[in-house]
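A.B. asks: Residue numbers (this note's numbering): 371 to 744.
This is the structure, below, for whatever I ask next.
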Amino acid sequence: MLSSASRQRASLHRFPSLLACLVFALLVAGCSSGPIATTTSGESPEAWIEQPARKTTWHNLPGWSRDQPMAAWSAFQESCTRLERKPAWQSVCHDARSVDPLDALAIQNFFESRFVPYRVTNSDGSATGLITGYYEPILRGSRVRGGPYQTPLYQYPKYWKKHTHVGPTRAELMRSGDLDGTELVWVDDPVEAAYLQIQGSGRVEMTDGTTMRVAYAGTNNQPFQSFAKRLIERGEITPAEATLPGVRDWARRHPGQVEEMLNVNPRMVFFRELKGSEALADTSGPVGALGVPLTSERSIAVDPDEIPLGAPVFLSTTQPLSNRPLQRLMVAQDTGSAVKGAVRADFYWGHGDAAGEAASRMKQRGEMWVLMPK
């Protein structure tokens, strides 16, 4: 990432048991963008394919003929606003402007005639990897404390040095009062606020009817620990309840234990308010590491040391906790601190509860093909 978290997720390369899947799904639910990473964005095809990848043909992409690339067209055009100054992308991005965005066949023909698919492989030669999900939470809040709005989202302390300062743990910060006066907004649900810290960005519907968009501004550089995992270990919830709704229900039944539960995670994530053009329209997704708005179910976070940021990527995986195919053209527009490795992606589901449910349950095996200009 949004910016992707605080996207703090453990990177696994083997498909674990159902218990591990569900614990991990909560731990990693929303790993996308933190600070913008150094990326391979815009590298020439010749430079990129020196990494583990295999040139292939379109008919080898499972589900390509059944997908609707038109749904990814706007995401690709957003990428071009960042890539069009790169020599390898100038021609293809320039010519994309003349394609009718409502002509599905023309869009498919454009990709097939102007790009070459390369199958992505890991350093050990394997071609499958971990696909997780993330989303943009929606909270309710107020600029002043009062009524149900008792949980603050904090701004980054001005006297800390970003990226290098190791600050006190969450529990120590909450006890000390050192963050008093740095409150950005007050929200009505401490569990949703904790999930926002995992996602790294989100929306807050304000009492005056406006919407505040908040983005990742830094952390105390403490290690991430999963409070959901601790609840499962203590027998407080089942693995199937290791989702936002499940943890929220537990919190409502045990209000006196919520703070103790949240303090299991020593990491504190700080936020900033997006204003002006950064805030974008209500229909736009959060801005990812590429610097463009993410598109629901068509943007992914990748490892920029392995996948060129901005490039189209065909993804073949399955729907969360099922074997139903999920095969579609995506665009690599975000990064995440736990998104490491070649065949590794974080699928952006969009915003709201339904997106959050899908994201928290997604931990699938998948394959990836990067599309590079001819």
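Virtual Cβ for every residue (Gly too), placed ideally from N, Cα, C.
Would you mind working out which of Ala728, Lys599, Ser669, Ser571 sits nearest Leu691, comparing C-alpha positions?
C.D. replies: Ala728
A.B. asks: Could I get the ranges of all uninterrupted beta strand (DSSP E) runs contained in the region 574-603, with 3 residues as the minimum, in chain order?
C.D. replies: 581-589
A.B. asks: Between the alpha carbons of Asn693 and Ala474, how many angstroms are there, rounded?
C.D. replies: 27 Å
A.B. asks: Taking Val561 as part of the beta strand (DSSP E), name the residues at either end of that continuous run.
C.D. replies: Taken as a continuous stretch (DSSP letters only), Val561 belongs to no beta strand (DSSP E), being part of the alpha helix (DSSP H) at 560-569.
A.B. asks: Buried or exposed, going by whether 16 or more other CB atoms sit within 10 Å of the CB of Asn479?
C.D. replies: Exposed, since its Cβ has fewer than 16 Cβ neighbours within 10 Å.
A.B. asks: Using C-beta distances below 7 Å, list every residue in its chain close to Gly616, excluding the 5 sequence neighbours before and after it, in chain order.
C.D. replies: For Gly616, where only same-chain residues beyond five positions count, the Cβ hits under 7 Å are Ile607.
A.B. asks: Quick check: the Cα distance between Met631 and Trp620, rounded to an integer number of angstroms?
C.D. replies: As the crow flies, the alpha-carbon of Met631 is around 10 Å from that of Trp620.
A.B. asks: Are the beta-carbon atoms of Phe350 and Gly537 separated by less than 7 Å?
C.D. replies: As shown, the chain starts at 371 and ends at 744. That puts residue 350 outside it, with no answer to give.
A.B. asks: Apply the 10 Å Cβ neighbour rule to Tyr526 and answer buried if 16 or more other Cβ atoms are within range, or exposed otherwise.
C.D. replies: buried
A.B. asks: Can you tell which of Gly511, Asp465, Ile508, Val713 has the C-alpha that lies nearest to the C-alpha of Arg424?
C.D. replies: Distance check between Arg424 and each of Gly511, Asp465, Ile508, Val713 places Val713 closest, using alpha-carbon atoms only.
A.B. asks: What did DSSP end up calling Gln734 once you bin it into helix, strand or coil?
C.D. replies: strand
A.B. asks: Leaving out five residues before and five after Lys532 in sequence, what residues of the same chain have Cβ atoms less than 6 Å from its Cβ?
C.D. replies: Gly588
A.B. asks: Under the assumption that Glu553 contacts Tyr524 (Cβ atoms under 8 Å), give the Cβ distance between them as a whole number of angstroms.
C.D. replies: 6 Å
A.B. asks: Measure the C-alpha to C-alpha separation of Glu575 and Gln703 and round it to an integer number of angstroms.
C.D. replies: Glu575 and Gln703: Cα-Cα distance of roughly 26 Å.
A.B. asks: In the DSSP assignment, what are the bridge partners of Lys425?
C.D. replies: Tyr488
A.B. asks: Can you tell which of Glu448, Gly499, Asp465, Gln438 has its C-alpha closest to the C-alpha of Ala715?
C.D. replies: Gly499
A.B. asks: What residue from Ser686, Tyr505, Trp434 has the CA that sits closest to Pro663's CA?
C.D. replies: Tyr505
A.B. asks: DSSP on Lys744, reduced to helix/strand/coil?
C.D. replies: coil
A.B. asks: Spell out the partners DSSP gives Glu506 in its beta bridges.
C.D. replies: Looking at the DSSP assignment, Glu506 forms a beta bridge with His721.
A.B. asks: Is it buried or exposed, Arg731, if we count other Cβ atoms within 10 angstroms and call 16 or more buried?
C.D. replies: buried
A.B. asks: Which whole-angstrom value is the C-beta distance of Glu562 and Pro507, which I expect to be below 8 Å?
C.D. replies: 6 Å
A.B. asks: From which residue to which residue does the beta strand (DSSP E) around Ala702 run?
C.D. replies: 695-704
A.B. asks: With DSSP collapsed to three states, give me the class of Trp459.
C.D. replies: Three-state result, Trp459: helix.
A.B. asks: In three-state DSSP terms, what is Trp530?
C.D. replies: coil
A.B. asks: Quick check: Leu509 and Val557, are their CB atoms within less than 7 Å of each other?
C.D. replies: yes
A.B. asks: Do Pro439 and Leu660 have their beta-carbon atoms positioned less than 7 Å apart in this structure?
C.D. replies: No.
A.B. asks: With Thr705 and Leu696 assumed to form a contact (beta carbons below 8 Å), what rounded beta-carbon distance in angstroms separates them?
C.D. replies: Actually they are not in contact, since the Cβ atoms of Thr705 and Leu696 sit about 21 Å apart, beyond 8 Å.
A.B. asks: Less than 7 Å separating the beta-carbons of Val654 and Val701?
C.D. replies: It should be pointed out that residue 654 corresponds to Ser in this sequence rather than to Val. Contact: no.
A.B. asks: Alpha carbons only, please: which of Gly720, Tyr488, Tyr565, Leu614 is nearest the one belonging to His429?
C.D. replies: Tyr488
A.B. asks: What are the boundary residues of the alpha helix (DSSP H) that Trp620 is part of?
C.D. replies: 614-623
A.B. asks: What separation, rounded to the nearest whole angstrom, lies between the Cα atoms of Ala441 and Trp739?
C.D. replies: When rounded, the distance between both Cα atoms is 18 Å.
A.B. asks: When burial is assigned at 16 or more other CB atoms within 10 Å of the CB, is Lys528 buried or exposed?
C.D. replies: exposed
A.B. asks: Under a three-way DSSP split, which group does Val672 fall into?
C.D. replies: coil
A.B. asks: Output the boundary residues of the beta strand (DSSP E) element that contains Glu643.
C.D. replies: 639-644
A.B. asks: Would you tell me roughly how many angstroms separate the C-alpha atoms of His535 and Thr491, rounded to the nearest one?
C.D. replies: 36 Å
A.B. asks: Since I believe Val584 is in contact with Leu644 (beta carbons under 8 Å), could you give me their beta-carbon distance rounded to a whole number of angstroms?
C.D. replies: 7 Å
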